[in-house]
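One structure is given below, encoded as structure tokens.
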Amino acid sequence: MSKDIRIKRGLSLRLEGEAEKELVKAPRSKTYAIKPPDFHTVVPKMVVKEGAKLLAGDEIFYSKYTDQIRFTTPVSGVLKEIKRGDKRKILEIIIEADAEDAYRDFGKLDASKAEAVDVKERILESGCGAFIIQRPYDIVADPKDTPKAIFISAVSTAPLAADKGFIIKDKVDAFQEGINALRKLTPGKVHLSVDDSSAEYLKNIQGVELHHVSGAHPAGNVGVQIHKLDPINRGERVWTVGVEDVAIIGNLFLTGEYRAERTIAVTGSEASDRKYYQGIIGANVADLIGQASDNVRIISGDVLTGTQLSNNQYVGFLDNEVTLIPEGNNYRIFGWLPFTYNNIHSNSKTSLSWLFPKRKFAPTTNLNGEERALVVTGEMEEVLPMDIYPMQLIKACMAGDIEKMENLGIYEVAPEDFALVEYVNTSKIEIQEVIRLGLDLMITEVG
Numbered sequence: 001m002s003k004d005i006r007i008k009r010g011l012s013l014r015l016e017g018e019a020e021k022e023l024v025k026a027p028r029s030k031t032y033a034i035k036p037p038d039f040h041t042v043v044p045k046m047v048v049k050e051g052a053k054l055l056a057g058d059e060i061f062y063s064k065y066t067d068q069i070r071f072t073t074p075v076s077g078v079l080k081e082i083k084r085g086d087k088r089k090i091l092e093i094i095i096e097a098d099a100e101d102a103y104r105d106f107g108k109l110d111a112s113k114a115e116a117v118d119v120k121e122r123i124l125e126s127g128c129g130a131f132i133i134q135r136p137y138d139i140v141a142d143p144k145d146t147p148k149a150i151f152i153s154a155v156s157t158a159p160l161a162a163d164k165g166f167i168i169k170d171k172v173d174a175f176q177e178g179i180n181a182l183r184k185l186t187p188g189k190v191h192l193s194v195d196d197s198s199a200e201y202l203k204n205i206q207g208v209e210l211h212h213v214s215g216a217h218p219a220g221n222v223g224v225q226i227h228k229l230d231p232i233n234r235g236e237r238v239w240t241v242g243v244e245d246v247a248i249i250g251n252l253f254l255t256g257e258y259r260a261e262r263t264i265a266v267t268g269s270e271a272s273d274r275k276y277y278q279g280i281i282g283a284n285v286a287d288l289i290g291q292a293s294d295n296v297r298i299i300s301g302d303v304l305t306g307t308q309l310s311n312n313q314y315v316g317f318l319d320n321e322v323t324l325i326p327e328g329n330n331y332r333i334f335g336w337l338p339f340t341y342n343n344i345h346s347n348s349k350t351s352l353s354w355l356f357p358k359r360k361f362a363p364t365t366n367l368n369g370e371e372r373a374l375v376v377t378g379e380m381e382e383v384l385p386m387d388i389y390p391m392q393l394i395k396a397c398m399a400g401d402i403e404k405m406e407n408l409g410i411y412e413v414a415p416e417d418f419a420l421v422e423y424v425n426t427s428k429i430e431i432q433e434v435i436r437l438g439l440d441l442m443i444t445e446v447g
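Below you can see the structure in the form of structure tokens.
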């Protein structure tokens, strides 16, 4: 029986710049990129060299420590450049795209009738294994594991988040086939979360345990849903997959081709043309938004969890959103005085903006303060709807205390679950980074 999830603690930020529900075809980029840093803990081992001719779906690298995890090119073309950073770390693999894509043929396969081992192998050889994320640790799933359940969230509660139902409205058949394939990978259930605004075609998907989610952000976070429905204990594995990524997996089985289509919502107060763009994974951000000025922050993802881009860089592998907001390079005179600046959102009510709960705001990247000591205020607990003690867990991660981290619920969280905690926290500490470092320590010491 399905279980509804009602979130009472959280915070929904009302921001200017929501994308219109209009889908247009994105300009084809001259170059596309796969960025190994998008896949945390993956150390890439290249299988092709610069100048190699590639079909869409051809393998370009695999994980050094788990060679079953393969990564394939989203477009056909020529491998133009392998960009490296310090210690020759691979930062970007840039493919110069053909005018039209030619695809490697993996062969059609009926996922509902195929054996589980064949389904898994097809997903891995096509590169679709990169879409499957493991909890705990929020890393690419290890194919040797068997998850106790798979979670898919079709609920969008993050600020200016892309509407997941709108993204797959023309991909319902592929989404259903993707569900059929994922069911073969777990002896447990495939959980699908929806909300009041979700279209009927999502609520009619077969082979899933359907859950209705309501409440403020982070209600749409898959980590919160796992916590409420099927908490993770030590040694257990749960896999998560994005909505559009399920459709890509399904299309692989229906057509035999790895079509790495990615719908990007261009949002934010500084975006001039806020629409949904149908493109391909790894597109150049300049082809979506043009050249942004120096006073604009380009974010791949949402304002709470996204990563900064510069002009002519590439959209993140799993991101369905590009957000443009003003840079926080202006300083306020007497900014420490309460009720002085009332045109910004303030969760602590130091601005009179709290009197207008329906007003939308245009945030900047200004921190409005400097890093200081953690103080017990209760503000973290107000926005984290999980039965854990956030401040104590943060301190345990900072101290590297593995036993305390385990006891305080490190296996159930990911950095994105602490995005709101970081936003409201008056200490200005980079809490998502602290949680990420704590998770990395657990991977190293516990595995």
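Reminder that position 65 of the sequence shown reads as 65 in full-length UniProt numbering, one-by-one numbering, no gaps. Here a beta-carbon is modelled for each residue, glycine too, at the ideal position from N, C-alpha and C. Keep in mind the model is a prediction, meaning the values are calculated, not measured.
In whole angstroms, what separates the C-alpha of Gly316 from that of Glu92?
-> 11 Å
Following the continuous beta strand (DSSP E) through Glu244, name the residue where it begins and the one where it ends.
-> Glu244 -> not in any beta strand (DSSP E); alpha helix (DSSP H) instead, spanning Val243 to Thr255.
For the candidate residues Arg436, Glu244 and Phe39, whose alpha-carbon lies nearest to that of residue 461?
-> Outside the shown range of the chain (1 to 447) lies residue 461, about which nothing can therefore be said.
What is the rounded straight-line gap between the Cα of Phe175 and the Cα of Arg84?
-> 36 Å
Straight-line gap, Leu384 to Asn425 (C-alpha atoms, nearest Å) | 12 Å
Expressed to the nearest angstrom, what Euclidean distance is found between the alpha-carbon atoms of Leu54 and Thr73?
-> 8 Å
Could you tell me how far apart the beta carbons of Ala158 and Leu202 are, in whole angstroms, since I believe they sit closer than 8 Å?
-> Not quite, the Cβ-Cβ distance comes to about 18 Å (not below 8 Å), so this is no contact.
Does the distance from the CB of Ile281 to the CB of Arg262 come in under 7 Å?
-> yes
Put residue 453 into one of helix, strand or coil per three-state DSSP.
-> Any property of residue 453 remains undetermined from this structure, which presents the chain solely from 1 to 447.
Tell me whether Lys171 sits in a helix, a strand or coil according to DSSP, three-state version.
-> coil
Quick one: is Gln308 buried, meaning 16 or more other Cβ sit within 10 Å of its Cβ, or exposed?
-> exposed
Are Glu177 and Leu124 closer than 7 Å when you measure CB to CB?
-> no
Starting from the Cα of Asp4, find the closest Cα among Val213, Gln134, Pro147 and Ala373 and give me that residue.
-> Val213
Which stretch, first to last residue, makes up the alpha helix (DSSP H) that contains Gly438?
-> Ile431 to Glu445
Would you tell me roughly how many angstroms separate the C-alpha atoms of Pro147 and Asn295, rounded to the nearest one?
-> 45 Å
Option nearest Ala141 by Cα separation, candidates Asn329, Thr240 and Asp319 = Thr240
State yes or no: is the C-beta of Ala19 within less than 7 Å of the C-beta of Thr267?
-> yes
Along the beta strand (DSSP E) that carries Met46, what are the first and last residues, could you check?
-> Pro44 to Met46
Taking Cβ to Cβ, would you say Val243 is nearer than 7 Å to Lys164?
-> yes
Quick one: complete alpha helix (DSSP H) runs, 4+ long, within the segment 78-150?
-> 116-126
State the beta-bridge partners of Pro363 as determined by DSSP.
-> Bridge partners of Pro363: none, in fact.
Assuming Ala265 contacts Ala162 (C-beta within less than 8 Å), just tell me the rounded distance between them.
-> 4 Å
The alpha helix (DSSP H) with Gly223 in it runs from where to where?
-> Val222 to Leu229
Own chain residues within Cβ distance below 8 Å of Lys120, not counting five before or after = Pro143, Lys184 and Leu185
Through-space distance from Val194 to Arg372, alpha-carbon basis = 39 Å
Check each candidate in Arg436, Pro218, Arg135 and Leu109 and name the one with the smallest Cα separation from Lys8.
-> Pro218
What residues in its chain sit with their C-beta under 6 Å from that of Val43, if we drop five residues either side in the sequence?
-> Lys64
Rounded to whole angstroms, what's the CA-CA distance from Val375 to Met391? Just pull it up for me.
-> 9 Å
Own chain, CB closer than 8 Å to Val388, minus 5 neighbours either side, in chain order | It is Ile, not Val, that sits at residue 388 in the sequence shown. Closer than 8 Å at Cβ, skipping near neighbours: Leu408, Gly409, Glu412 and Val413.
Which residues does DSSP pair with Arg6 in a beta bridge?
-> Ser214
Buried or exposed: which applies to Gly438, given that a residue is buried once 16 or more other Cβ atoms fall within 10 Å of its Cβ?
-> buried
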